[in-house]
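Enquirer: This is the structure I want to talk about, given as structure tokens.
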């Protein structure tokens with residue numbers, strides 16, 4: 001059965017493009033142009049994944065509101081934020097809305113598709129018990145690759161898909177320096193260096209929130225980042 | 001010329017005050033002097049009238065003055081005992097040579113004494129008894145008393161005592177006169193004693209020179225002597241501290257009374273330099289009085305006296321005996337029955353600086369000077385304050401210009417109520433406008449980019465979809481070109497919003513301690529790969545530099561500087577990267593060979609959206625340079641309390657960019673936000 005995806009985007013042309021592209025990939029896609037419309041539909045039937053545009057029409061905070069109400073209905077529903085402004089990334093992260101990922105609007109459809117499939121895979125993995133060979137343990141860090149779940153000293157660290165893939169890349173070869181290009185490739189995003197830097201900053205912040213003494217991510221200026229062995 | 005200097009020059013105009021004061025003082029001084037002269041003249045006039053009323057016998061002119069002799073006289077023919085009076089000898093020679101015979105007549109308790117000096121180079125010596133005496137050199141003396149006249153022939157063949165016999169006549173006057181005769185090469189001298197009783201009232205004397213014969217009948221002249229009685233009555237009339245003298249028509253002293261004495265009050269004070277100045281400038285020029293008036297002389301040969309004797313009163317000032325004393329003289333004619341018989345000379349001594357004795361006027365001078373100084377100081381202070389305020393305004397304006405209209409805090413003087421306040425407010429408005437416009441320009445790029453994002457997303461997503469459609473081969477080519485265009489558009493949009501992103505990143509940058517040397521070294525390693533054939537020289541200190549700042553931002557700034565250097569250095573050129581620590585800050589320099597910076601641009605390079613790349617050829621497909629890189633560098637420098645500079649190297653080898661960093665301020669623990 002095809003998965004159902006909902007897209008909430010007020011710009012009709014972009015919405016149409018996304019709906020058609022995702023439909024081509026085999027998903028069952030519905031598009032909504034406004035928050036009220038979307039909430040009415042969700043109250044009847046929840047989709048399996050929601051993509052939300054932050055600035056919805058007249059409400060600049062409309063996307064956040066929608067996310068909150070969705071989370072109230074289902075804590076595990078995968079939510080992806082789309083935004084035209086990079087500044088929103090920090091806002092989203094700070095708000096801890098529990099979004100599974102946030103992407104810039106100029107992300108290619110190919111990358112968006114990769115995200116979506118990853119998220120569905122994760123949902124599947126979360127339903128199954130943990131497979132031992134899919135866990136990478138490194139000191140206090142434990143990565144469950146299928147579930148895309150990271151724990152530090154046993155405490156769950158809520159990372160988005162992008163962030164998870166970055167940490168995964170770093171931890172796979174601890175001590176190796178990964179430059180920004182590599183991180184970008186593995187995270188399946190094409191962004192500029194400054195965005196990578198802010199992603200890493202947000203990753204650090206999330207780890208520090210769990211453990212104030214966290215300093216496992218080393219910045220090697222001019223080269224990239226590495227996970228301290 | 002600065003405002004202060006101009007105000008000082010204006011203040012100099014208040015010098016008119018002391019100048020006016022000085023003129024006033026001079027005028028007052030002159031008036032005071034004139035007043036004194038008038039007063040003394042009036043006194044003298046009154047005195048003259050009172051004196052003329054007293055009985056004074058005015059002999060007919062010409063007279064023979066009878067001097068008062070102080071000591072006993074030795075009749076020896078030598079003029080030693082006559083020395084003080086020699087100057088007053090009367091010339092009684094013949095009309096063509098009056099100086100030939102000079103006569104002095106004196107009186108003391110012993111009687112009358114006569115000294116006659118004759119200038120006669122050719123001597124014909126003969127005794128008086130000699131019958132040839134009348135043709136030889138001799139003196140003829142006539143004594144007269146009332147109607148009684150007697151003549152004596154004075155002659156001597158040799159020096160020494162002689163006797164003069166009167167010509168035969170019956171008379172009460174003495175028969176014989178004893179005298180002494182002396183002579184030298186230029187003439188002869190006769191000293192004679194004339195007994196007091198009976199006292200002659202007229203005496204005449206004439207000299208007969210054998211070489212130039214002429215009449216020898218002298219006209220007797222009346223005797224004029226110092227009149228003690230007149231002096232007493234004068235003494236009763238003369239005012240205090242003044243001296244009066246009465247002279248006859250030939251300026252011979254008849255009587256005198258009183259004493260010149262300056263008022264005792266302040267004679268010994270020294271006036272100091274100010275007094276000297278005033279004396280020299282105001283008093284001295286006026287002291288034109290005749291010196292002959294000084295002292296006690298039997299004859300006062302002074303211009304004032306002659307003027308008075310001609311009928312016109314005269315006044316004069318002269319310097320007194322002591323320093324600081326001046327004497328005022330008033331000479332008035334003495335008339336009886338309308339005729340001028342003599343003159344009265346009244347003198348008064350004063351302090352030289354009557355003005356200074358007037359304390360009030362001196363105080364006025366001091367007050368004027370004080371007022372001048374005070375007003376000068378006030379004007380200077382006001383000028384200084386004015387110029388200070390204007391300079392404050394100017395400095396604020398220059399600061400605002402430098403920061404493109406962004407001022408920290410309000411414009412100074414904005415709340416002043418005068419014209420400067422108006423000016424400041426106008427400046428404030430002007431800078432607000434400039435600031436708003438600059439702000440608009442800066443945000444234009446990010447606003448535009450923000451707006452462009454949505455249509456760009458439409459284009460890209462549409463192209464993505466297009467890729468999955470079945471297209472003929474040529475259509476694919478167009479789709480590919482469209483995608484290329486969209487990519488470039490995307491880069492431009494990203495570049496435009498970069499400034500905004502950087503500012504946000506800088507605003508939220510968190511500082512940490514890191515090793516600056518390691519950071520620069522790491523970056524340098526990365527740049528080696530990018531140098532692309534150009535020589536890369538790296539100079540780093542051996543020791544690590546501990547630095548408190550935002551490392552990723554510093555690295556970004558370095559990236560921009562390197563990127564800049566690489567763009568401008570020619571393919572065979574060099575790029576130099578150096579790090580040095582100096583006192584409290586670290587200095588990173590990136591230099592490259594290549595074209596120099598235009599001088600006008602050097603200050604503006606670090607402003608937003610400034611690009612000098614027009615001259616450098618741009619490769620096809622490259623994004624246009626928006627001039628934001630150096631702006632980022634400057635923002636990073638300012639965040640770290642440092643500065644960014646650009647200059648052409650002194651020897652013209654190339655361009656050097658400097659980044660000076662002092663380190664971000666450490667935030668207090670209470671300021672650190674914890675994400676709740």
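Protein chains in written order, with our numbering: chain C, 1 to 229; chain L, 1 to 676. Heads up, the beta-carbon is just placed ideally off N, CA and C, and yes, glycines get one too. All values derive from a computational prediction rather than experimental measurement.
Name, going along the chain, the residues of the segment 4-24 of chain C whose beta-carbon falls closer than 7 Å to a beta-carbon of chain L.
Expert: Hits within the stretch, in order: 11, 13, 14, 17, 18, 20, 21 and 24.
Enquirer: Out of 59/C, 60/C, 36/C and 23/C, point me to the one whose CA is closest to residue 70/C's CA.
Expert: Residue 70/C has its Cα closest to that of 36/C, out of 59/C, 60/C, 36/C and 23/C.
Enquirer: What does DSSP give as the partner residues of residue 336/L in its beta bridges?
Expert: Partner(s): 339/L.
Enquirer: Just checking: is the beta-carbon of residue 199/C within a distance shorter than 9 Å of some beta-carbon in chain L?
Expert: Taking Cβ atoms only, chain L never reaches closer than 9 Å to residue 199/C, which makes this a no.
Enquirer: At a CB distance below 8 Å, what residues from the segment 442-476 of chain L approach chain C? Give them in sequence order.
Expert: Here the close residues are 450, 453, 454, 456, 457, 458, 460, 461, 462, 464, 465 and 468.
Enquirer: Is the separation between the beta-carbon of residue 647/L and that of residue 636/L shorter than 9 Å?
Expert: No, they are not a contact pair.
Enquirer: Is it a yes or a no for the segment 577-588 of chain L touching the segment 510-529 of chain L, going by three-plus beta-carbon pairs under 8 Å?
Expert: The segment 577-588 of chain L is in contact with the segment 510-529 of chain L.
Enquirer: Note down, in chain order, every chain L residue with its Cβ under 8 Å from the Cβ of residue 176/C.
Expert: Within chain L, no residue comes near residue 176/C; the closest Cβ sits about 15 Å away, beyond 8 Å.
Enquirer: Determine the closest residue to residue 639/L out of 550/L, 8/L, 5/L and 561/L, with distance taken between C-alpha atoms.
Expert: When only C-alpha atoms are compared, the closest one is 550/L.
Enquirer: Taking only three categories from DSSP, how would you classify residue 577/L?
Expert: Of the three classes helix, strand and coil, the one that applies to residue 577/L here is strand, per DSSP.
Enquirer: Is it buried or exposed for residue 140/L, if we count other Cβ within 10 angstroms and need 16 for buried?
Expert: Counting Cβ neighbours within 10 Å, residue 140/L comes out buried, since at least 16 surround it.
Enquirer: Over the uninterrupted beta strand (DSSP E) stretch that includes residue 142/C, give me the two end residues.
Expert: Note, residue 142/C: beta strand (DSSP E), 141-144.
Enquirer: Given residue 11/C, which residues of its chain have a CB within under 8 Å of its CB, disregarding the five upstream and five downstream residues?
Expert: The answer, listed in chain order, is 53.
Enquirer: Shortest alpha-carbon distance to residue 43/C belongs to which of 205/C, 29/C and 66/C?
Expert: Of the listed residues, the one whose Cα sits closest to residue 43/C is 66/C.
Enquirer: Determine the chain L residues that contact residue 223/C at a beta-carbon separation under 8 Å, and present them in chain order.
Expert: What residue 223/C touches in chain L: 522, 525 and 526.
Enquirer: Can you tell me whether residue 422/L is helix, strand or coil according to DSSP?
Expert: If DSSP states are grouped into helix, strand and coil, residue 422/L belongs with the helices.
Enquirer: Which of the three DSSP states is assigned to residue 202/C in this structure?
Expert: Residue state, collapsed to three classes: helix.
Enquirer: If you count every other CB in all the chains shown that lies within 10 Å of the CB of residue 240/C, and 16 or more means buried, which is it?
Expert: Only positions 1 to 229 of chain C appear in this structure, which leaves residue 240/C out of reach.
Enquirer: Mind reading off the beta-carbon distance from residue 224/L to residue 66/L? Whole number of angstroms is fine, and I expect it under 8 Å.
Expert: Yes, residue 224/L and residue 66/L are in contact; Cβ-Cβ is about 6 Å, under 8 Å.
Enquirer: Would you call the CB atoms of residue 75/L and residue 180/L closer than 9 Å?
Expert: Taking 9 Å as the Cβ cut-off, residue 75/L and residue 180/L qualify as a contacting pair.
Enquirer: Which chain C residues sit within Cβ distance under 9 Å of residue 490/L?
Expert: Correct list: 106.
Enquirer: Once DSSP output is grouped into helix, strand and coil, what is the label at residue 152/L?
Expert: Strand, per DSSP.
Enquirer: Could you tell me whether any Cβ in chain L is nearer than 9 Å to the Cβ of residue 138/C?
Expert: Chain L contact via Cβ: absent.
Enquirer: Can you have a look at residue 47/C and say buried or exposed, based on whether 16 or more other CB atoms are within 10 angstroms of its CB?
Expert: With 16 or more other Cβ atoms within 10 Å, it is buried.
Enquirer: Just the Cα atoms here: how many angstroms apart are residue 665/L and residue 642/L?
Expert: Between residue 665/L and residue 642/L, the C-alpha separation is close to 11 Å.
Enquirer: Return the bridge partner residues of residue 67/L from the DSSP annotation.
Expert: Residue 67/L pairs with 106/L.
Enquirer: How many angstroms separate the CA atom of residue 557/L from the CA atom of residue 589/L?
Expert: Between residue 557/L and residue 589/L, the C-alpha separation is close to 12 Å.
Enquirer: Does the CB of residue 519/L have a neighbour CB from chain C at under 9 Å?
Expert: Interface residue, yes.
Enquirer: So which residues of chain L does residue 220/C contact, with C-beta pairs closer than 8 Å?
Expert: By Cβ distance, chain L contributes 522.
Enquirer: Does DSSP classify residue 322/L as helix, strand or coil?
Expert: Coil at residue 322/L, not helix or strand.
Enquirer: Under 8 Å by Cβ, that's how I've got residue 182/L and residue 78/L pegged, so tell me the actual separation to the nearest angstrom.
Expert: That pair is a contact at about 6 Å.
Enquirer: If you run the structure through DSSP and keep just helix, strand and coil, what is residue 631/L?
Expert: It is helical.
Enquirer: So what does DSSP say about residue 227/C, is it helix, strand or coil?
Expert: Note: residue 227/C maps to strand in three-state DSSP.
Enquirer: State yes or no: is the beta carbon of residue 505/L nearer than 9 Å to at least one beta carbon in chain C?
Expert: Output row for residue 505/L: interface = yes.
Enquirer: Relative to the C-alpha of residue 246/L, which candidate in 133/L, 536/L and 230/L has its C-alpha closest?
Expert: Taking only the C-alpha atoms, the option nearest residue 246/L is 230/L.
Enquirer: Could you give the distance in angstroms between the alpha-carbon of residue 38/C and the alpha-carbon of residue 464/L?
Expert: Distance between the alpha carbons of residue 38/C and residue 464/L: 26 Å.
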